[in-house]
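Participant:
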Amino acid sequence: MFTIRQLQMFEAVARLASYSEAGEELEVSQPSVSVQIQELEKALGLDLFDQSGRRTKLTEAGAVFYGKSAAILQAVEDARASIDGFLGLQRGRVRVGAVDVVGLYVLPRVLARFGEAHPGVELELTLEAHNDLLRGLELGRLDIAYTDQPVEDQPGLQVEPLAEAHFVAVVPRDHPLALQRRTDAIDLRSARFVVD
């Protein structure tokens with residue numbers, strides 16, 4: 389039998405092609421990495437690395453095991469993420485995407501409150517266009533996105549309307565629209581605008 393830690397060490401050695409660099413990355417000594425890899429090879433009954441040259445290379449069996457071990461480590465990471473969710477977001481990272489208006493004027497207060505309630509959670513905010521946000525969700529680059537446009541139902545996405553925007557026309561007191569109690573967008577079609 390082998391351990392998750394041994395798989396992590398194996399993955400690092402295979403990726404970096406070096407026991408010492410793997411040790412540095414994992415913050416353990418090179419001899420510790422060597423011992424764990426030897427124990428893993430013993431448990432599997434296979435040589436995973438060829439160390440005859442200057443760099444460490446995977447054997448054929450090691451290459452096959454590398455693909456399988458990556459899947460195991462990903463499953464472990466997914467399980468950890470699920471457990472973190474049950475722990476009430478005590479730690480981890482949430483990648484938030486938003487269109488400019490929402491990201492600049494609405495989310496700062498919301499994210500600040502979230503940060504106070506969950507100090508161990510790192511929030512990463514990205515401002516992007518509507519379609520880029522949807523693509524970010526699809527690719528797994530974002531965990532949640534806030535947009536100001538409707539989103540059609542799509543597999544893999546849960547859409548929740550949060551608010552409706554109300555727009556206000558501000559005009560000088562002597563403007564013809566100032567005399568009206570209510571104004572519709574159609575009333576504005578011939579009006580001149582000053583945009584900042």
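First residue of the sequence shown: 389, per this note's numbering; consecutive thereafter. By construction, the Cβ of each residue, glycine as well, lies at the ideal position given by its N, Cα and C atoms.
Please say whether Thr444 and Tyr407 have beta carbons closer to each other than 8 Å?
Facilitator: Their beta carbons are under 8 Å apart, which means Tyr407 touches Thr444 by this criterion.
Participant: Just mark Met397 as buried or exposed, buried being the case when its beta carbon has 16 or more other beta carbons within 10 Å.
Facilitator: With 16 or more other Cβ atoms within 10 Å, it is buried.
Participant: Leaving out the 5 sequence neighbours to the left and right, which residues in its chain are closer than 6 Å to Gly508 when beta-carbon positions are compared?
Facilitator: The residues are Gln478, Arg479.
Participant: Measure the CB-CB distance between Val487 and His506 and report whether it falls below 8 Å.
Facilitator: No; because the gap between Cβ atoms is not below 8 Å, this pair is not in contact.
Participant: Would you mind reading off the limits of the alpha helix (DSSP H) that contains Val489?
Facilitator: First-last of the alpha helix (DSSP H) with Val489: 488 to 493.
Participant: Count the other C-beta atoms from every protein chain shown that fall within 10 angstroms of the C-beta of Gly433, then say buried if there are 16 or more, exposed otherwise.
Facilitator: It counts as exposed.
Participant: By DSSP's criteria, Arg483 is part of a beta bridge. Which residues make up the other side?
Facilitator: In DSSP, Arg483 forms a bridge with Glu512.
Participant: Shorter than 8 Å from the beta carbon of Met397 to some beta carbon of chain C?
Facilitator: Protein chain content of the structure displayed is limited to a single chain, and chain C is not contained in it.
Participant: What are the residues that DSSP puts in a beta bridge with Leu446?
Facilitator: Paired residue(s): Phe437.
Participant: Going straight from the alpha carbon of Glu429 to that of Val482, what length do you get?
Facilitator: Each residue's alpha carbon lies about 37 Å from the other.
Participant: Between which two residues does the beta strand (DSSP E) carrying Ala533 extend?
Facilitator: Unbroken beta strand (DSSP E) run through Ala533: 532 to 534.
Participant: Where does Pro419 fall in DSSP's three states?
Facilitator: Pro419: helix per DSSP, three-state reduction.
Participant: Can you tell me which of Ser440, Leu436, Asp466, Val464 puts its alpha carbon nearest to the alpha carbon of Val452?
Facilitator: The residue with the shortest Cα to Cα distance from Val452 is Leu436.
Participant: Could you give the first and the last residue of the continuous alpha helix (DSSP H) run that contains Arg529?
Facilitator: Neither: Arg529 is in no alpha helix (DSSP H) and is coded neither H nor E.
Participant: If we ignore side chains and look at the alpha-carbon of each, how far apart do Val489 and Asp575 end up?
Facilitator: Approximately 25 Å between the Cα atoms of the pair.
Participant: What is the C-beta distance between Gly524 and Leu511, in whole angstroms, given that I count them as a contact (C-beta under 8 Å)?
Facilitator: Incorrect: roughly 15 Å between the Cβ atoms, too far for contact.
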